[in-house]
C-alpha cells in the first residue's frame with residue numbers, strides 16, 4: 191500500500207469517527223448518562239460491533255467524547271481570558287463561560303461528570319473518579335499554564351500557578367455542579383460571588399514582564 195492510499199484511508203477513518211461522535215452527541219443530548227451503545231449505534235445506522243470496532247467499548251467512546259467537549263470548552267475559556275478587557279471583567283467572563291457551557295448542555299455535562307448515573311443492566315456506568323477526574327486535571331493544568339505565563343507570582347511561581355489553576359477549576363466545578371442541580375441563584379449572581387472569592391490575590395498579582403498580561 192503506497193503513502194497516498196494510507197493517507198486516504200486515514201482521512202476516511204477520521205471522517206467516519208467524527209460522524210460516529212456526532213451521532214453519539216445527539217443521543218447524549220437526548221438521554222444524558224443513560225445513553226447506551228445500542229442507542230448510539232442505532233443513531234449512527236450501524237451495529238454495535240462496528241461501534242466497538244471504532245472505540246473499543248463505552249469507556250473508549252466516553253474518552254473520545256470527553257476530549258471533543260473539553261477541547262471546545264478550553265478554546266472558549268482561552269478566548270475569554272484573551273479578550274481585551276480589564277482583569278476583573280476577564281475573570282468574570284471566564285467563570286461565566288464555564289457556567290454557560292454546562293447550563294447550555296446539561297445532559298452532556300451529566301454524561302461527562304456523572305456517568306455512573308447511567309448504570310444499566312448489562313451495561314454498567316463508569317467509575318466517576320476514574321473517568322471524569324482526568325478532565326478536571328487537564329483543565330487545571332491548562333489554567334495553571336496561563337497563570338504561570340501571565341502573572342508574576344514571585345518565588346515558587348510555577349508551583350503556586352498549579353495550586354491556583356487546580357484550585358480555581360475545582361471551585362468552578364463544585365460550585366457549578368451544585369448550582370446546576372439546585373439553581374439557588376442566577377448565573378450572574380454566582381459569577382459575581384465566585385469572582386469576589388478569587389479577586390483578592392488576583393487583583394494584587396502583577397503581570398509577568400514580557401508576557402501577554404492577565
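In this note's numbering, the protein residues as written are 191 to 404.
Glycine included, each C-beta is placed from N, C-alpha and C at the ideal position.
Here the structure is a predicted model, which means the values were calculated and not measured.
Three-state secondary structure assigned by DSSP to residue i
i           : result
residue 387 : helix
residue 341 : strand
residue 247 : coil
residue 400 : coil
residue 225 : coil
residue 411 : In the structure displayed, the chain extends from 191 to 404; residue 411 sits before or after that span and is not available.
residue 457 : The chain is shown from 191 up to 404; residue 457 falls before or after that span and cannot be answered.
residue 315 : The predicted model places residue 315 with a pLDDT of 48, which falls under 50 and marks its position as unreliable; any figure quoted below should be read in that light. DSSP places residue 315 in coil when its eight states are reduced to three.
residue 346 : coil
residue 209 : helix
residue 230 : helix
residue 357 : helix
Contact belief for residue i with residue j at Cβ below 8 Å, rounded distance in angstroms
i           : j           : result
residue 295 : residue 211 : That pair is no contact at about 14 Å.
residue 372 : residue 264 : No, residue 372 and residue 264 are not in contact; Cβ-Cβ is about 27 Å, not under 8 Å.
residue 277 : residue 392 : 7 Å
Cβ-Cβ distance between residue i and residue j below 8 Å
i           : j           : result
residue 366 : residue 242 : no
residue 245 : residue 231 : no
residue 284 : residue 270 : yes
residue 304 : residue 402 : no
residue 299 : residue 370 : yes
residue 341 : residue 256 : no
Nearest candidate by alpha-carbon position, reference residue i, set the options
i           : options               : result
residue 330 : 349, 343, 304 and 358 : 358
residue 390 : 281, 368 and 380      : 281
residue 215 : 198, 301 and 205      : 301
residue 227 : 208, 207 and 249      : 249
residue 396 : 347, 368 and 369      : 347
residue 339 : 345, 399 and 202      : 399
residue 361 : 343, 208, 345 and 327 : 327
residue 164 : 297, 293 and 344      : Absent from the structure is residue 164, since the part of the chain shown begins at 191 and ends at 404.
residue 240 : 374, 279 and 203      : 203
residue 208 : 363, 258 and 350      : 258
residue 388 : 279, 344, 345 and 200 : 279
7 Å CB neighbourhood of residue i in its chain, flanking five on each side removed
i           : result
residue 266 : 287 and 291
residue 352 : 334
residue 343 : 350, 351 and 395
residue 363 : 326
Chain-order list of residues whose beta-carbon lies under 8 Å from that of residue i (same chain, five-residue window excluded)
i           : result
residue 233 : 213, 214, 216 and 217
residue 336 : 268, 271, 355 and 404
residue 229 : 217 and 221
residue 194 : none
residue 237 : 231
residue 275 : 283
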